[in-house]
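To get this note's numbering, take the position in the sequence shown, counting from 1, and add 64. First the structure, in the form of structure tokens, and then the observations on it.
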Amino acid sequence: MPIDEFFVVQKGAIPKVNLKDWSLVVDGSVERPLNLAYGDLLALPMVSEVVTLECFDNAPGGDLIGTAEWQGINVSTILDKAGVRDSAVKALFHGADGYSTSHKIGYVLRNDVILALKMNGVDLPREHGFPLRLVAPGKYGYKWAKWITRIELVDHDEKGYWESRGYSDEANRKS
């Protein structure tokens, strides 16, 4: 689907991210906390996944669904660099807009869960999460955090923004 036809939903205003000041922090239940600049991410091995994103509120036949080619880094690659402690049970993804979502550690270590830097071959557009968006295959859109600034590994069952308001923590999309 062309980017200009791809739906956009977010909790609040789209943040303005200045790459000069931006970094991805990886901390919590890790052996080696990381602070990665955008250039550091570009130097890591890239993968590409064609994945469908659907909003939880999409009505049957609705337009809050789209498929794109997402290019980025496997979350597992970054977490391997940080060294996941045995105590880690969840990963919280924090966005520059104050949004957060959490996933079980086993899910984010799968090879198809990525941090996207590109969408359909171009730099991730601002409204789609530039500079970094989680691509969470098989999950509804509220589990696809945008404008990511931090991955926090925790040793307890912590919920993200919508999950703490009663939305499913699993958020498995119906095929």
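Beta carbons: idealized from backbone N, C-alpha and C, even for Gly. All values reported here derive from a predicted model rather than from experimental measurement.
Classification of residue i by the beta-carbon crowding that lies within 10 angstroms, buried from 16 upward
i, result
"ASN138", "buried"
"ASP161", "buried"
"VAL149", "Reading off the sequence, residue 149 comes out as Arg, not Val. Counting Cβ neighbours within 10 Å, ARG149 comes out exposed, since fewer than 16 surround it."
"THR165", "buried"
"HIS220", "exposed"
"GLU191", "exposed"
"LEU100", "buried"
"ALA123", "exposed"
"VAL114", "exposed"
"ALA200", "buried"
"GLU227", "buried"
"VAL177", "buried"
"VAL81", "buried"
"LEU179", "buried"
"GLY185", "exposed"
"GLY193", "buried"
Contact belief for residue i with residue j at Cβ below 8 Å, rounded distance in angstroms
i, j, result
"MET110", "GLN74", "About 25 Å separates the two Cβ atoms, so there is no contact after all."
"LEU98", "LYS154", "The Cβ separation is near 18 Å, so there is no contact."
"ILE212", "GLY159", "6 Å"
"ILE142", "VAL90", "6 Å"
"VAL183", "ALA132", "According to the sequence shown, residue 183 is Met rather than Val. About 5 Å separates the two Cβ atoms, so the contact holds."
"ARG208", "LEU128", "Position check: residue 208 holds Trp in this sequence, whereas Arg was assumed. About 12 Å; that fails the 8 Å criterion."
"TYR163", "TYR225", "5 Å"
Proximity of residue i and residue j at Cβ, strictly below 8 Å
i, j, result
"PRO195", "TYR102", "yes"
"GLY147", "VAL94", "yes"
"PHE157", "ILE215", "yes"
"LEU105", "LEU88", "yes"
"TYR206", "TYR171", "no"
"LYS243", "ARG197", "Since the displayed the chain opens at 65 and closes at 239, residue 243 lies outside it and no answer follows."
"SER140", "LEU173", "yes"
"GLY202", "ASN175", "no"
Collapsed DSSP secondary structure at residue i in the structure displayed
i, result
"SER151", "coil"
"LEU108", "coil"
"LEU128", "coil"
"GLU222", "coil"
"VAL139", "helix"
"ARG214", "strand"
"ASP85", "coil"
"GLU133", "strand"
"ASP121", "coil"
"GLY230", "coil"
"GLY92", "strand"
Minimum length 3: unbroken beta strand (DSSP E) runs contained in the region 146-212: 154-159, 164-168, 178-183 and 197-199
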